[in-house]
Amino acid sequence: MIEIAPSILSADFTRLGEQIAAAERGGATIIHFDVMDGHFVPNITIGLPVLRSLARATRLPIDAHLMISEPGVYAEQFVEAGAQMVSVHIEADPHIHRTLASIKKKGAKAGIVVNPATSLGAMEEALQYADYVLVMSVNPGFGGQKFIAPTLEKVRRLRRMIEERGLSTRIEIDGGIDPDNIADAAAAGAEIFVAGTSVFGQPDPAAAVRGLLAASAQLV
Ligand code: DX5
Ligand code: ZN
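Our numbering puts the first residue of the sequence shown at 334, with every later residue one more than the last.
Right, here's the structure in full:
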């Protein structure tokens, strides 16, 4: 099942409720929430108070992408604040088995994130504990970056790893997704598409989501 997860990183924060409603009208089914700490990545964004407000403003599930050091210390708080999905970078967490278990215990879906240059081997053992894997197709830290095309091959290999193990893990992809590459990413095996610039960087976010959904269904 194809799902578009607009990233509010590119939204107008003075009109956040309105912008999210527009994305939902266009067919978005998840809201992607980028948390950056200025330590794991060289940028600082939003955190728990904004998440609490957002959770009251939308019925869509909120997908918190934690680009922070020591995610295990904070992950449960993001579930308590209203996230139904919480993902943690394998590069940031030497105890990811424990962190994923703590997210699930609180009642949310737990995801592992891999940076573009991180090998899938680094998360092979952890795969069985995750509900989804987020493959980064840019280096995390900023919206509006260029899609790194070789990450599609990684999505293909990950899809095979999941199938070989008989798992039902979903694959999400994040960074530089637009109408020109979404069909390739879907063909590679991704199901959840994060899109910042190509939704909230557009004059009509509802039309932009509709365009991504239509483009995802094109044959490649
Ligand atoms: C990047 C973030 C992304 C970002 C995507 O570090 O994790 O979610 O908002 O933005 P675009 O779609 O503009 O690449
Ligand atoms: Zn993200």
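Where is the CB? At the ideal position from N, CA and C, for every residue including glycine.
Open item on the list: Rounded to whole angstroms, what is the Cα-Cα separation between T432 and G380?
Closed with: As a position in the sequence shown, residue 432 is number 99, starting the count at 1. As a position in the sequence shown, residue 380 is number 47, starting the count at 1. Roughly 18 Å between the two C-alpha positions.
Task: E457 versus G477, V383, R490, Q352, residue with shortest Cα-Cα distance - done: Your numbering for residue 457 matches position 124 in the sequence shown. E457 has its Cα closest to that of R490, out of G477, V383, R490, Q352.
TODO: Mind checking who S470 pairs with in its DSSP beta bridge?
DONE: The sequence position of residue 470 within the sequence shown is 137, counting from 1. Per DSSP, none; premise fails for S470.
Task: Segments of 4+ residues assigned as alpha helix (DSSP H) that fall wholly inside the stretch 438–502 - done: 484–497
Task: Sequence-ordered residues whose beta carbon comes within less than 5 Å of a heavy atom of ligand 2 - done: D367, H398, D507
TODO: Consider the C-beta atom of S340 and the heavy atoms of ligand 4; say whether any pair is separated by less than 6 Å.
DONE: Among the ligands modelled here, namely ligand 1 and ligand 2, ligand 4 does not occur.
Open item on the list: Going by DSSP, what residue range makes up the alpha helix (DSSP H) through E409?
Closed with: In the sequence shown, residue 409 corresponds to position 76, counting from 1. Here the alpha helix (DSSP H) through E409 covers 404–413.
Task: Heavy atom of ligand 1 within 6 Å of T530 beta-carbon - done: Walking along the sequence shown from the start, residue 530 turns up at place 197. Because some heavy atom of ligand 1 lies under 6 Å away, the Cβ of T530 counts as near it: yes.
Open item on the list: Is L412 close to ligand 1? I mean its beta-carbon at under 6 Å from any heavy atom of the ligand.
Closed with: Here residue 412 refers to the residue found at position 79 of the sequence shown. In the sequence as displayed, the identity of residue 412 is Val instead of Leu. Result no, Cβ not under 6 Å from ligand 1.
- [ ] Have a look at G534, Q535, D513 and flag the residue whose alpha-carbon is nearest the alpha-carbon of L552.
- [x] As a first step, residue 552 must be located in the sequence shown, where it is residue number 219. It is D513.
Open item on the list: Would you say the beta carbon of G359 is closer than 6 Å to some non-hydrogen atom of ligand 1?
Closed with: One-based indexing of the sequence shown puts residue 359 at position 26. Not under cutoff, so the answer is no.
Task: F346 (DSSP reduced to helix, strand or coil) - done: As a working note, residue 346 is residue 13 in the sequence shown. It is helical.
Open item on the list: Whether or not the stretch 439–452 and the stretch 412–421 are in contact is what I'm after, with contact meaning three or more pairs of Cβ atoms, one per stretch, closer than 8 Å; do they touch?
Closed with: yes
Open item on the list: Assuming contact is defined by CB atoms lying nearer than 7 Å, are Y462 and H422 in contact in what I supplied?
Closed with: Position 129 of the sequence shown, counted from the start, is the residue given in the question as residue 462. Position 89 of the sequence shown, counted from the start, is the residue given in the question as residue 422. No, these two residues do not count as a Cβ contact at 7 Å.
- [ ] Could you have a look at A518 and say whether DSSP puts it in helix, strand or coil?
- [x] Taking the first residue of the sequence shown as 1, we reach residue 518 at position 185. The answer is helix: DSSP assigns A518 an H, G or I state.
Task: Beta carbon of A338 nearer than 7 Å to that of D396 - done: The residue you call residue 338 lines up with position 5 of the sequence shown. The residue you call residue 396 lines up with position 63 of the sequence shown. Going by C-beta atoms, A338 is nearer than 7 Å to D396.
Task: Candidates T530, D537, A528, E524, of which the one nearest I335 by Cα - done: On the sequence shown, position 2 is the one that residue 335 refers to. Residue E524 is the option with its Cα nearest to I335.
Open item on the list: Spatial neighbours of G529 within its chain, please: C-beta separation below 6 Å, excluding the five flanking residues on both sides.
Closed with: If you number the sequence shown from 1, residue 529 lands on position 196. Cβ within range, chain order: S340, L342, S343, G476.
TODO: Could you check the C-alpha separation between S531 and D511 for me, to the nearest Å?
DONE: In the sequence shown, the residue the question calls residue 531 occupies position 198. In the sequence shown, the residue the question calls residue 511 occupies position 178. Using only the alpha carbons, I get a separation of about 6 Å.
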